[in-house]
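Residue numbers (the working numbering): 39 to 953.
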Amino acid sequence: MTEHDDEPRERRQLPLPAPPLHNRREPQSWPAPLPGAEPAPQPRTPHPPASPPPATPHAAGADRPGAVRRVIRLGDRPDPARTPDPARTPDAPGPPDPADGDRRTPGSPGDDRRTPGSHDRRSPGGPAGDRSTPGSPEDDRPPSDPAPDPDPYHSRSRSREHPPQGGPPSAPDRPQPDDPPAPAPDGPGPTDPPGPGPAGTDPPPTEDPPPPGDPRTAPPGDPRTAAPTDARPATDPQAAVHQSNVSQYFYGSVAAPHAHFGIGGSAPGAAGGRRRATGWLDAQEVDGLLASYVRPDCFPDAARMLEKDSVVVLVAQPGTGKRSGAVALLDAVAESGTGSVGGPAEYVVLSPDLDLRQLADRTFTAGVGYVLLDRMDEGRAGTADFDWRRVRDQVRAQGAHLVVTTVHGAGEAAPEAVHHALWRPPDLADALRLRLRKAGCGDDTVDRAVRGLPAGCRIAEVAAAAGRICAGSDPDDVWREYGDSASRPVRDWFAEDRTLQEIAEVTTLAFVTGAGRRAFESYQELLEPRLEQEFPGPPPPPPARDGDDDTPAARPGPDRSRADRRRPDRRRSLARNALVTTEELSGGSPVRTALVFPGPQYRSWVLEELWENHSTAYWDGVRDWLTGLVGLIPEAALWMSVSSGLALLARPAFEEVSGCYLHPWASGAQGPAAQSVAVLVLWWMSQDDALDATALTLARGWAQSTDPGLRRSAALAFSGPLGVRFPTDAVKRLWTLTGKDAETSLHARVALANLVVALVESGEDAGVVLDLLVYRLGLQRRKDATDRTKGVTFRAALEVLTVRVARTRCPVVAVLTAEQPGFRPKLAELWAAVLCNRPLRGDALRSLRAALRALPQAGENPLDVAREFGASVGAALPPNERELLHRVLEPPASLAPEHTTLTHTFRAALLSPAR
Numbered sequence: 039m040t041e042h043d044d045e046p047r048e049r050r051q052l053p054l055p056a057p058p059l060h061n062r063r064e065p066q067s068w069p070a071p072l073p074g075a076e077p078a079p080q081p082r083t084p085h086p087p088a089s090p091p092p093a094t095p096h097a098a099g100a101d102r103p104g105a106v107r108r109v110i111r112l113g114d115r116p117d118p119a120r121t122p123d124p125a126r127t128p129d130a131p132g133p134p135d136p137a138d139g140d141r142r143t144p145g146s147p148g149d150d151r152r153t154p155g156s157h158d159r160r161s162p163g164g165p166a167g168d169r170s171t172p173g174s175p176e177d178d179r180p181p182s183d184p185a186p187d188p189d190p191y192h193s194r195s196r197s198r199e200h201p202p203q204g205g206p207p208s209a210p211d212r213p214q215p216d217d218p219p220a221p222a223p224d225g226p227g228p229t230d231p232p233g234p235g236p237a238g239t240d241p242p243p244t245e246d247p248p249p250p251g252d253p254r255t256a257p258p259g260d261p262r263t264a265a266p267t268d269a270r271p272a273t274d275p276q277a278a279v280h281q282s283n284v285s286q287y288f289y290g291s292v293a294a295p296h297a298h299f300g301i302g303g304s305a306p307g308a309a310g311g312r313r314r315a316t317g318w319l320d321a322q323e324v325d326g327l328l329a330s331y332v333r334p335d336c337f338p339d340a341a342r343m344l345e346k347d348s349v350v351v352l353v354a355q356p357g358t359g360k361r362s363g364a365v366a367l368l369d370a371v372a373e374s375g376t377g378s379v380g381g382p383a384e385y386v387v388l389s390p391d392l393d394l395r396q397l398a399d400r401t402f403t404a405g406v407g408y409v410l411l412d413r414m415d416e417g418r419a420g421t422a423d424f425d426w427r428r429v430r431d432q433v434r435a436q437g438a439h440l441v442v443t444t445v446h447g448a449g450e451a452a453p454e455a456v457h458h459a460l461w462r463p464p465d466l467a468d469a470l471r472l473r474l475r476k477a478g479c480g481d482d483t484v485d486r487a488v489r490g491l492p493a494g495c496r497i498a499e500v501a502a503a504a505g506r507i508c509a510g511s512d513p514d515d516v517w518r519e520y521g522d523s524a525s526r527p528v529r530d531w532f533a534e535d536r537t538l539q540e541i542a543e544v545t546t547l548a549f550v551t552g553a554g555r556r557a558f559e560s561y562q563e564l565l566e567p568r569l570e571q572e573f574p575g576p577p578p579p580p581p582a583r584d585g586d587d588d589t590p591a592a593r594p595g596p597d598r599s600r601a602d603r604r605r606p607d608r609r610r611s612l613a614r615n616a617l618v619t620t621e622e623l624s625g626g627s628p629v630r631t632a633l634v635f636p637g638p639q640y641r642s643w644v645l646e647e648l649w650e651n652h653s654t655a656y657w658d659g660v661r662d663w664l665t666g667l668v669g670l671i672p673e674a675a676l677w678m679s680v681s682s683g684l685a686l687l688a689r690p691a692f693e694e695v696s697g698c699y700l701h702p703w704a705s706g707a708q709g710p711a712a713q714s715v716a717v718l719v720l721w722w723m724s725q726d727d728a729l730d731a732t733a734l735t736l737a738r739g740w741a742q743s744t745d746p747g748l749r750r751s752a753a754l755a756f757s758g759p760l761g762v763r764f765p766t767d768a769v770k771r772l773w774t775l776t777g778k779d780a781e782t783s784l785h786a787r788v789a790l791a792n793l794v795v796a797l798v799e800s801g802e803d804a805g806v807v808l809d810l811l812v813y814r815l816g817l818q819r820r821k822d823a824t825d826r827t828k829g830v831t832f833r834a835a836l837e838v839l840t841v842r843v844a845r846t847r848c849p850v851v852a853v854l855t856a857e858q859p860g861f862r863p864k865l866a867e868l869w870a871a872v873l874c875n876r877p878l879r880g881d882a883l884r885s886l887r888a889a890l891r892a893l894p895q896a897g898e899n900p901l902d903v904a905r906e907f908g909a910s911v912g913a914a915l916p917p918n919e920r921e922l923l924h925r926v927l928e929p930p931a932s933l934a935p936e937h938t939t940l941t942h943t944f945r946a947a948l949l950s951p952a953r
């Protein structure tokens, strides 16, 4: 070991450093992005980037562009010789692997299994670590292990390994292989990536999160799950009304108030972040769903079939209350006493990424009710009666119940094994009346609200409106934003014939909302020429007849020539447009004027009307305009607005958004800016209950693609709000990506660390990532030193251990160590692993010193925290390494007295490890 007291060097980042911001706006209430961020060094590339990549929703307050997020979370320390405790999952009989997304009976084939006798065919000429035959489908697991190479992690001479050079050559966000680590005086720096290699064979997978009672599922406010102290509440006054439950942070003030995502939403988590869509439903959430639930007419039949078959499928469109209906059905079976979910019912929400084969192979826990929301259509094979029969028999045999919801009907060949019920929403007036009376509203308020209930409302909109009325809002004002009342002004505007300029105005505003006047007019001016094919100009005047050449209309003159050259007065036209208004933003001085819609609900209706009323020629022009815009204008505010507009357009026109924007942009074919915006679209979609499962399916397809650009986009997508929404699926896909080519592996490792940040900042459980790393590190200790997966695993752990929060520059590991003591043993396992790895020991020591120095900033009683943390690390280290670390951590004379005391306390505890 060598002694250095400088701070840990920063790891490489995923794409999206922050561009300069213009047209700054107040931060709004959604969508939440990647939390804590940290400035990153410029990549070592011989050519300057073609254009700055977009800003991710990282942490506000990043003092310079290019922030990278790293975070860890502590947890219970398992025996190094054993797999993680099966008690952490409710029904796992064997060793669980958090990298997999579904649970099966012991010995059953995994999600990524092939047909018996099949093999993984590779072409010898492919790049290292990614030898799939071009065009062959990708499976879900890493490639099989190649022939062992000399291990670079336990030799003094370390070989340089370079990833294949693919993707856009000018991408500024691509990590490049660097020289081996060298001590840096201050701040993080890059390290050399390991060579490509497989991620190994997954153990029996697990789907379910820790059961109730686990420290990671403690209720909000419990010190075991307290959020980092730097989590910031929303500052927008409308956030209380349109709260989307993920803390959104930007590099500057970015506006997205008219995205109108997440109506109703779920209850905010401990940190006010958006709750995960899968996992255990705690009692508080179940009570919230059932307290004001009104049963629809179709409820009794569905409940009867659930009792009879143990499985029922609810078929309905979004906004009909399928989620609350599924929980209510399981609760009814539990109350009836005839089902096997008797007693105090527990509920688990499964991932929509599971297909029928995986459902039939997984293990269900007796007495638990399972919900699978928004199951995706699998085609004819997915609705086969045989597959449903296997699912039904598996659930029934294990004493559980399962409710599946989907928007895809079974068609004429409906399976007989499982009943598919057409689900309808309850009576909206009854639901509204019940909610208002439970909240204590007076009879007059209840009657006014019920009388004013507009047609076309969804059940989620009724719930959101009821909450606002209970908070004191006038019912008449509230109903203007929902149902037909919200869409009527937009539909009336489109009912009249509109000019090219007017359509260009609302089109520009639909994708670029919140811009200043000058910027907006420049964007509109770029759009109008691309729409001329859809709006041909007036026909030319007829040729002059003989003897008419001297008419005033045909006579050239100065007045006519000036009229022909006159530019349209866009500002006056905007002032006359009923769908365009302005608002004053006081995010700084002086106040700025921004162009917006009159209400947040207008934007989605405008996009729907544009889609219904205009042809392919119009949308081709919009596609070309948006593609050029995101590549030409390096502004985070612009990219956030464009991405939220595309996510809203995905509601009525998903195929258009997927085929013309998401897939071409995510591949990198249109440049790094468009690639980043494609990821932002998925993040916005993950905040919409009607689109989150679709976003997961898209990201999964990118992760399984043979295109390196799509793989990198998938890694970035899973590292943010999409990963917060579906953490188990994100970890599974990211770990698979670590076994691909070297560059994709690097992106996936960084994405795992960034996912931990996003989970912690959102108040969710980051243990799903830490469980994976602890399990994998235990496997690698028992494997041959030449296994190339060892480098991937150890470097992924180091990525997680080197994160700082950009707002405070405090290592997140220090925050978690101080605020969540129940996770210190698991963190100690990670520290012990990287400290015992010779090539990574220097970086690990620098990270450990920085974490110790940050304990006073991270929480209270830093000496007690240092003592307990030191004992945990000492217990995880072998005795010889414990003594060596004690000597190397001797503080220098230049260290501040407070930090010296903390270091001595930690060193003393190392020699007295916790038993």
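All residues carry an ideal CB built from backbone N, CA and C; glycine is no exception.
Helix, strand or coil at residue i [DSSP, three-state]
i      : result
Gly519 : Residue 519 is actually Glu in this sequence, not Gly. The answer is coil: DSSP assigns Glu519 none of H, G, I, E or B.
Val644 : helix
Glu540 : helix
Ala315 : coil
Ala364 : helix
Pro463 : coil
Val353 : strand
Cys848 : strand
Arg400 : coil
Glu781 : helix
Arg630 : strand
Glu499 : helix
His439 : strand
CB of residue i within 9 Å of CB of residue j, strictly
i      : j      : result
Ala340 : Ala469 : no
Leu808 : Lys770 : no
Gly683 : Phe549 : yes
Asp803 : Leu797 : yes
Leu394 : Arg428 : yes
Gly317 : Val386 : yes
Val456 : Val371 : no
Asp391 : Arg738 : yes
Leu633 : Ala524 : no
Val528 : Asn615 : no
Ala19  : Asp730 : The requested residue 19 does not occur in the structure, where the chain is confined to residues 39 to 953.
Leu748 : Leu720 : no
Thr840 : Arg814 : no
Exposed unless 16 or more other CB atoms sit within 10 angstroms - verdict on residue i
i      : result
Asn918 : exposed
Gln322 : exposed
Gln355 : exposed
Phe424 : exposed
Leu670 : exposed
Lys828 : buried
Arg820 : exposed
Ala711 : buried
Glu906 : buried
Lys778 : buried
Any chance the region 615-631 sits against the region 506-524, with 3 or more Cβ pairs inside 8 Å? Segments in contact, no.
Can you find at least 3 beta carbon pairs, one from the region 675-682 and one from the region 715-729, that sit closer than 8 Å? yes
Pairs of beta-carbons, one from the region 891-906 and one from the region 844-864, closer than 8 Å: are there three or more? yes
Can you confirm whether the region 478-487 touches the region 356-364 when touching is taken to mean that 3 or more C-beta pairs between the two stretches lie within less than 8 Å? Contact between the region 356-364 and the region 478-487 is absent, with fewer than three C-beta pairs closer than 8 Å.
Check whether the region 432-446 touches the region 397-405, taking contact to mean three or more Cβ pairs, one atom from each stretch, closer than 8 Å. yes
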